[in-house]
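Only one structure is covered here, and it is reproduced in the block below.
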Amino acid sequence: MGKTALLPLACAILAFWSVYLVKAEDAYKYFTWTVTYGTASPLGVPQQVILVNGQFPGPRLDLVTNDNVVLNLINKLDQPFLLTWNGIKQRKNSWQDGVLGTNCPVPPNSNYTYKFQTKDQIGSYTYFPSTLMHKAAGGFGALNVYARSVIPVPYAKPAGDFSLLIGDWYKTSHKALQQILDSGKALPFPSGILTNGLTQSSFSADQGKTYMFRVSNVGLSTSFNFRIQGHKMKLVEVEGSHVIQNIYDSLDVHVGQSMSVLVTLDQPPKDYYIVASTRFTKTVLTTTAVLHYTNSQTPVSGPVPAGPTYEIHWSIRQARTYRWNLTSNAARPNPQGSFHYGKITPSRTIVLVNSAPIINGKQRFAVNGISHTNADTPLKLADYFNIPGVFSLNSIESAPSGRSPYLSTSVLSTSLHEFIEVVFQNNENAMQSWHVDGYDFWVVGFGSGQWTQDSRKKYNLVDALTRHTTQVYPNSWTAILVSLDNQGMWNMRSAMWERQYLGQQFYLRVYNPVPSLANEYDIPSNVLLCGKAVGRHHP
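Going left to right, the sequence shown walks through residues -24 to -1, 1 to 515 as mature numbering (1 follows the signal peptide of the UniProt record, and there is no 0) numbers them.
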């Protein structure tokens, strides 16, 4: 066969493989979101809120495992703005984390395009503003990642699903709340609780069918208990992990946490209360929504179902019932329990002690005596461009030193592929909630008093739940195990916004000295530059 005859054949083969490769690539989803101010009356009083595409809360972001997300964010506020993707791991891509240690905020009347992948993830998550006190005005929303059709889930497909964004709320504007914190004072008690931005939401469903309720705590500071009048809840998923499917009358959801329950409408046709009330607070705030049977002619009635209020041991006992479903697939077709975390010896132990010191006459919050301050240059950019004077490695120690608390930009250095033990020690009378960007972790133990090495005897090293946010009870400790398999600069913070704003956070630098795109993506071509990074050359 001559060269002339071979050319069409080669072109045909090339065309086939080009089409095949395009089809084989994971799907791309494109979004344009415009952030503006608006007016709403969530607690009966008109106030300024933050809208995303005109919505409060923002649009529900429904994705599928391994989707590639390209989201153009247009900032029409009068302040710089960022969104962070709460629980999305951003594999090898802390460039898109959306916090001040990794990204320059989007200036007013400007835009930034996020590019990330929901790599090997499923579950119920949220997004919210990470700048200033914007979260107190809105800008948050549900982010749900559904399993690919070829990956079975351990329950029958529900007839539908509902996202419930529940959290405490202030009538005070976000700028006024920021002024309170900047002046050195603590925030007042919240004004109320909202469900999906309202005090009286309604959800319609058919009698006899089963529905998924995705419940997230998007509040600033307060845990809540969630329950549905006359109905049982089957817990099936927590922050990306399928769990043993226990049945509950009510569930505690702490700040920053999400979980999914299945509810069967097996009661007489009428309307029922959906209730959330604050936990561990002297004053109990309660909000109600309505579960409406589509064949109901009867409105909600009777007393609102009561829940626990300050029973800490009740909450701890419930938390210990959350167990990993070791036989279930997650986002990939292998059992969740195929990684035997309990058989790995940690390379190091990090003990983190939170505190609430007064520094320079002002209320601050600290970790191991360091109250974090954000640098004017994102730490990720300073690291990439080798800019001196922005941060120092190990500026926060891996155990409390006993020094007087002080202000600093906190970075803890770790190595890629380390397997570490982290102990959150809470010596305060207040509930804590801790989040780690870029990771999920095994919550292996809760205990009262001081953690010691003997506390490890109480760890669950078999089927502990993996999640991205964990509660730490008053005067107690929580232990987690983390596999540091995601290179980057990752925020580790209090999920309680007042505390993180005033310093209860730091950055975990997960590092490998040999540059490799197999470990971490390169700097984005559209990266925003600010602070000392202005004028630096980038692709």
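Ideal Cβ positions, reconstructed from N, Cα and C, are used throughout, including at glycine.
Item: Please classify K319: is it buried, with 16 or more other beta-carbons within 10 angstroms of its beta-carbon, or exposed?; Value: exposed
Item: If the criterion is Cβ atoms closer than 7 Å, does the pair residue 526 and G117 meet it?; Value: There is no way to answer for residue 526, as the model of the chain reaches only from -24 to 515.
Item: Under the three-state reduction of DSSP, which class applies to R443: helix, strand or coil?; Value: strand
Item: For Q205, which of helix, strand or coil comes out of DSSP?; Value: coil
Item: What three-state label does DSSP hand I292 in the structure shown?; Value: helix
Item: Which first and last residues belong to the alpha helix (DSSP H) in which W473 is found?; Value: W473 to Y477
Item: Starting from L457, follow the beta strand (DSSP E) in both directions and report where the run begins and ends.; Value: S452 to S459
Item: Under 7 Å, do S106 and W466 count as touching if we go by C-beta distance?; Value: no
Item: Give me, in chain order, the residues of the same chain whose beta-carbon lies closer than 8 Å to that of G311; leave out the 5 immediate sequence neighbours on both sides.; Value: First, the amino acid is wrong: residue 311 is Pro here, not Gly. Answer for P311: L302, T303, S304 and N305, listed in chain order.
Item: CA-CA distance, Q24 and T186?; Value: 37 Å
Item: Between T297 and the rest of its own chain, which residues show a CB-CB distance below 7 Å, the 5 nearest in sequence each way excluded?; Value: N222
Item: Counting along the chain, where does the beta strand (DSSP E) carrying H411 start and finish?; Value: Q408 to V412
Item: Which same chain residues end up closer than 8 Å to Q480 when comparing Cβ atoms and leaving out the 5 residues on each side of it in sequence?; Value: N330, F341, A342, V343, S347, H348, R469, S470 and M472
Item: Is D144 closer than 7 Å to G195 when the C-beta atoms are compared?; Value: yes
Item: Report the partner residues of W466 according to the DSSP bridge assignment.; Value: L484
Item: Under 7 Å between the Cβ atoms of S236 and G283?; Value: no
Item: Between F256, Q93, C506 and H268, which has its C-alpha nearest W290's C-alpha?; Value: F256
Item: Less than 7 Å between the C-beta atoms of G77 and P354, yes or no?; Value: yes
Item: Helix, strand or coil for A104? Go by DSSP, reduced to three states.; Value: Residue identity differs from the one stated: residue 104 is Phe in this sequence, not Ala. DSSP places F104 in strand when its eight states are reduced to three.
Item: Rounded to whole angstroms, what is the Cα-Cα separation between C506 and V419?; Value: 37 Å
Item: Within its chain, find whatever has a CB closer than 6 Å to the CB of P500; leave out the 5 residues flanking it on each side and keep chain order.; Value: W71
Item: Under 6 Å Cβ to Cβ from S177, same chain only, skipping five residues before and after it: list those, please.; Value: T171 and A265
Item: So, S217 versus T445, is the Cβ gap smaller than 7 Å?; Value: no
Item: Of the choices E215, R485 and A509, whose alpha-carbon is the least far from that of V229?; Value: E215
Item: Quick one: what does DSSP say H348 is sitting in, helix, strand or coil?; Value: strand
Item: Using CA coordinates, which residue listed in S234, G511, N488 and A16 is at the minimum distance from L460?; Value: N488
Item: Going straight from the alpha carbon of F482 to that of T270, what length do you get?; Value: 49 Å
Item: Quick one: grab the DSSP three-state call for I363.; Value: coil
Item: Can you tell me whether L357 is helix, strand or coil according to DSSP?; Value: helix
Item: Give me, in chain order, the residues of the same chain whose beta-carbon lies closer than 7 Å to that of L484; leave out the 5 immediate sequence neighbours on both sides.; Value: L388, T390, W466 and M468
Item: Where does S70 sit, in a helix, a strand or coil, going by DSSP?; Value: helix
Item: Starting from Y449, follow its DSSP beta bridges and name the residues at the other end.; Value: Bridge partners of Y449: none, in fact.
Item: Touch check for the region 201 to 213 and the region 160 to 175: three-plus C-beta pairs under 8 Å?; Value: no
Item: Going by CA-CA distance only, name the one from N336, L493 and V486 that's closest to N370.; Value: V486
Item: I need the straight-line Cα distance from A411 to G232, nearest angstrom please.; Value: With the sequence shown as reference, residue 411 is identified as His, and Ala is not the correct amino acid for it. Approximately 8 Å between the Cα atoms of the pair.
Item: Counting pairs of beta carbons, one from the region 12 to 21 and one from the region 87 to 99, are three or more of them closer than 8 Å?; Value: no
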